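Residue numbers (this note's numbering): 625 to 818. Yeah, the Cβ is synthetic: ideal placement off N, Cα and C, and Gly gets one too. It should be emphasised that the depicted structure is a prediction, and the values quoted were computed from it without experimental measurement. To start, the structure itself, in structure tokens.
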């Protein structure tokens, strides 16, 4: 899952949300530098990733992408799934996406000093261009994928992944719709154990 899903799946808890948001930028030996609840958010992020990466439905999406995008199929799937969450946000959350995004940005920005350097670098751009809300449109996802393609170490083809989404939109949407409620249920159980 990508930024929106990780923020959303944080039980509306600002510290858990912060940890879940920054986890990819935190090395294992840095974990103890963070407050306990932020550490739990970092752990939750890894649990979400593990559940997602091993789920049979997600595998269907990745396999459709793999011939064209190879090792980037997982990244693209995560971004597609953020699109479907954003596009149908009212189905999963009583709060409008715009309000959720504004509050999430505020929580993260209020803890700027705790952010890893990589996150500090991209956060202003993320907020300025309102990535979380832009994900609701295919064009927003296409822009995100083009940006990732420019930063990829190897030729990724991600700049064409927006076209792929449109070509197989209903298939990816159906897979997300089967997968996401299971992820929500899993996360709800895990949050109780943190």
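- For residue 723, the number of other beta carbons within 10 angstroms of its own is below 16, and it is reported as exposed.
- Scanning 629, 738, 711 for the CA closest to the CA of residue 660 turns up 738.
- Residue 625 places its beta carbon 8 Å or farther from that of residue 700.
- For residue 686, the CB contacts under 7 Å within the same chain, skipping 5 residues up- and downstream, are 697, 698, 701 in chain order.
- For residue 734, the number of other beta carbons within 10 angstroms of its own is below 16, and it is reported as exposed.
- At the C-beta level, residue 765 and residue 707 come within 8 Å of one another.
- Annotated as proximal: residue 631 and residue 728, with beta-carbon spacing under 8 Å.
- When only Cα atoms are considered, residue 666 and residue 680 end up about 24 Å apart.
- In this structure, 688 is the residue among 641, 688, 750 with its C-alpha nearest to the C-alpha of residue 795.
- For the pair residue 658 and residue 645, the CB atoms are not nearer than the 8 Å cut-off.
- Around the beta-carbon of residue 647, 16 or more other beta-carbon atoms lie within 10 Å, marking it buried.
- The distance from the Cβ of residue 756 to that of residue 676 is about 18 Å, inconsistent with a contact at the 8 Å cut-off.
- For residue 650, the three-state secondary structure derived from DSSP is coil.
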